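Okay, so here's the structure we're looking at.
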Amino acid sequence: MKSPLTLVAEVNGTPELLSVPKIDLTVAEANIIGSIEIEFGGERPRLTADLRAGDVAVAHFLAPAVVYGSDKNAIRAESNPSAPTVGSADTGKRWSGRPIDLTGLGALDANIKLQADSITFFNQKLGNARLALHLDDGYLTIEQLSGRIFDGEIELSAKIDGRAAPIVEVSVKLGDGDIQQLFSEIAQIDGVTGKIDAEFEISGQGRSQQELVASLNGGGRIKNTSEGTIDGINLRSLSDQMNELDDVGDFINLARTSFEGGSSLYTELSGHFSVVNGELQTDDLRVVADGGVGDIVGVIDLASWTQDLSVTFTLTDHPEIPPIKLNLSGSLDKPSQSIQTGEIEKFLLERGLRAALRETAAGGELGVATKVIEGLISKGDPQNLSDDIRGVAEALIDQLIGVDGSDDREVGSVPGGSPVPLPIPVDKDPEDPFKNLIQELLRE
Numbered sequence: 248m249k250s251p252l253t254l255v256a257e258v259n260g261t262p263e264l265l266s267v268p269k270i271d272l273t274v275a276e277a278n279i280i281g282s283i284e285i286e287f288g289g290e291r292p293r294l295t296a297d298l299r300a301g302d303v304a305v306a307h308f309l310a311p312a313v314v315y316g317s318d319k320n321a322i323r324a325e326s327n328p329s330a331p332t333v334g335s336a337d338t339g340k341r342w343s344g345r346p347i348d349l350t351g352l353g354a355l356d357a358n359i360k361l362q363a364d365s366i367t368f369f370n371q372k373l374g375n376a377r378l379a380l381h382l383d384d385g386y387l388t389i390e391q392l393s394g395r396i397f398d399g400e401i402e403l404s405a406k407i408d409g410r411a412a413p414i415v416e417v418s419v420k421l422g423d424g425d426i427q428q429l430f431s432e433i434a435q436i437d438g439v440t441g442k443i444d445a446e447f448e449i450s451g452q453g454r455s456q457q458e459l460v461a462s463l464n465g466g467g468r469i470k471n472t473s474e475g476t477i478d479g480i481n482l483r484s485l486s487d488q489m490n491e492l493d494d495v496g497d498f499i500n501l502a503r504t505s506f507e508g509g510s511s512l513y514t515e516l517s518g519h520f521s522v523v524n525g526e527l528q529t530d531d532l533r534v535v536a537d538g539g540v541g542d543i544v545g546v547i548d549l550a551s552w553t554q555d556l557s558v559t560f561t562l563t564d565h566p567e568i569p570p571i572k573l574n575l576s577g578s579l580d581k582p583s584q585s586i587q588t589g590e591i592e593k594f595l596l597e598r599g600l601r602a603a604l605r606e607t608a609a610g611g612e613l614g615v616a617t618k619v620i621e622g623l624i625s626k627g628d629p630q631n632l633s634d635d636i637r638g639v640a641e642a643l644i645d646q647l648i649g650v651d652g653s654d655d656r657e658v659g660s661v662p663g664g665s666p667v668p669l670p671i672p673v674d675k676d677p678e679d680p681f682k683n684l685i686q687e688l689l690r691e
């Protein structure tokens, strides 16, 4: 049976100083070698250590007050910090309202350097780890924490003042990290692949997780370092079929399926963000994908773990077509999404009616135009046609049948479209059967 602790050391000591120039310690399956000194002459003991280690689990070495907070059922170090806290008095909330107890940081002062094969904390394993920290009167400065995580390289520095309401300042740089691993860990989102550079600086103060997260301020940026994919969006399929669409109904169905399945290859994912009082805000996050470009703006409320984001997609192969807007709202874990397609519906209706107008102007029969317009409307959802779209249709129909009785035959303009030739006005009764037919179609 393996001993839980073995120690081989050279020890020299006086009442003011304990010196261990050579130590070989195995505890909790971690082997640690190096040198340690403890000074007892000051207000608090001072630990100085220069150590090398194998695989280290941080939870095994932290004081209970640091690991568990003021209550052993509070924030457990082995739990995922982004998951709802088990045993919290605020059951169901992501962030605990229990007081954060960092009084253990005031038990001693320290200067520690550590090189380890790995350091595991909060269920995350940092490979080839390098740590340098300084602790003085409850004020912890992490001068360096670096290594491999998320298949990339990370550099972190931090300051934690545990003497009153905890104050935290953190600076992080991640190079060439795996996006899927990163997003899955911090937000339980696993539908994005690729590699990314990310950096941010953030600070906050609070007596609990809830207070701390709600107080966060700072900013950062991200930029991909490789191509990747985004699940749930198929811009290429949408783009390839746009030329075949003339009616609103077919487009609505295509748009829905394009944002409910499949995936899109992207070549660029980059932008900046700011954090203001616990809200992450962005107005320049962009994804360049196969078939289109998406611009992302909005807010993520870190305290409530909710989002209010909009992604405006422009189809690269169809610059004349209005953009599609995808709205994401609600929980970050299970967002609600809605698609705003009114501008494209209006565009398709204009395009179809304009074609009918040109056909009539070229000497075609009104029956041809009637069939085109009927097809445009009947395949959509007339009950849900917006007032704007109805207005566009009525304006185009008035042009088509010359309702104003004008003799001007030069050009007519279509709202949002190009000028088109008008047909020769014809004498008609006040109750024009063609106009009545079109108006009936719009009302159905």
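For the sequence shown, the positions run 248 to 691 when our numbering is used.
The C-beta atom is built at its ideal place from N, Cα and C for all residues, glycine as well.
Just so you know, these numbers come straight off a predicted model, no measurement behind them.
- Take Pro262, set aside five residues on each side of it, and the residues of its chain with a beta-carbon closer than 8 angstroms to its own are Phe287, in chain order.
- In this structure, Leu252 keeps its C-beta atom at 8 angstroms or more from the C-beta atom of Pro292.
- For the pair Asn278 and Ala300, the CB atoms are nearer than the 8 angstroms cut-off.
- Taking a C-beta distance under 8 angstroms as the contact criterion, Arg533 and Gly545 do not qualify as a contact pair.
- At a Cβ-Cβ threshold of 8 angstroms, Gln427 and Val419 do not count as neighbours.
- The distance from the Cβ of Pro569 to that of Ile591 is about 5 angstroms, consistent with a contact at the 8 angstroms cut-off.
- Under the rule that a run must span 4 or more residues, no alpha helix (DSSP H) segment is found entirely inside the stretch 516 to 572.
- For the pair Leu361 and Ala304, the Cα-to-Cα distance works out to about 13 angstroms.
- Per the coordinates, the alpha-carbon of Val255 lies some 57 angstroms from the alpha-carbon of Gly479.
- Here Gln488 is exposed, its C-beta having fewer than 16 other C-beta atoms within 10 Å.
- The Cβ atoms of Gly577 and Thr553 lie closer than 8 angstroms to each other.
- Nearest C-alpha to Ser510 among Asn524, Glu491, Gly475, Gly496: Gly475.
- Judged by DSSP in its simplified three-state form, Ile389 adopts strand.
- In the DSSP assignment, Arg377 falls within the beta strand (DSSP E) that extends over 371 to 383.
- Residues Leu482, Ser511, Tyr513 of the same chain have their beta carbon placed closer than 6 angstroms to that of Ala536, with the five preceding and five following residues left out of the count.
- The alpha-carbon of Leu463 is positioned some 12 angstroms away from that of Pro413.
- Taking Asn471 as reference, the option from Ala461, Asp423, Ala434 with the minimal CA-CA separation is Asp423.
- In this model, Ile407 and His381 are separated by some 11 angstroms (Cα to Cα).
- The closest CA to that of Glu432, considering only Glu446, Ile396, Ile499, Ser557, is found on Ile396.
- Between the alpha carbons of Ile401 and Gln371 lies a gap of roughly 13 angstroms.
- One thing to note: Gly465 has its Cβ within 8 angstroms of the Cβ of Ile449.
- Selection Ala411, Ala363, Thr367, Pro582 evaluated against Gly351 yields Ala411 as nearest (Cα-Cα).
- When DSSP states are grouped into helix, strand and coil, Gln362 belongs to the strand group.
- Closest by C-alpha distance to Leu549, out of Phe594, Gln528, Thr563, is Gln528.
- Rounded to the nearest angstrom, the Cβ distance from Ile280 to Ile270 is 6 angstroms, consistent with a contact under 8 angstroms.
- Spanning the alpha carbons of Asn524 and Leu378 requires a straight line of approximately 30 angstroms.
- For Thr476, the secondary structure class from DSSP, reduced to helix, strand or coil, is strand.
- Straight-line spacing of the CA atoms in Lys572 and Phe520 works out to 20 angstroms.
- Apart from the 5 residues on each side of it in sequence, Phe430 sits with its Cβ closer than 6 angstroms to the Cβ of Ile436, Val439 in its chain, given in chain order.
- Assignment of Gly509 by DSSP, reduced to helix, strand and coil, places it in the coil class.
- Selection Arg468, Val460, Ile499 evaluated against Gly344 yields Val460 as nearest (Cα-Cα).
- Annotation: Gln584 to Asp302 spans about 43 angstroms, alpha carbon to alpha carbon.
- Excluding the 5 residues flanking it on each side, Arg503 has same chain C-beta neighbours closer than 8 angstroms at Ile586, in chain order.
- In the DSSP secondary-structure assignment, Gly577 is bridged to Gln554.
- Per DSSP, Leu265 lies in no alpha helix (DSSP H) segment; the continuous beta strand (DSSP E) that holds it begins and ends at 264 to 274.
- Leu264 is classed as exposed because its beta carbon has fewer than 16 other beta carbons within 10 Å across all chains shown.
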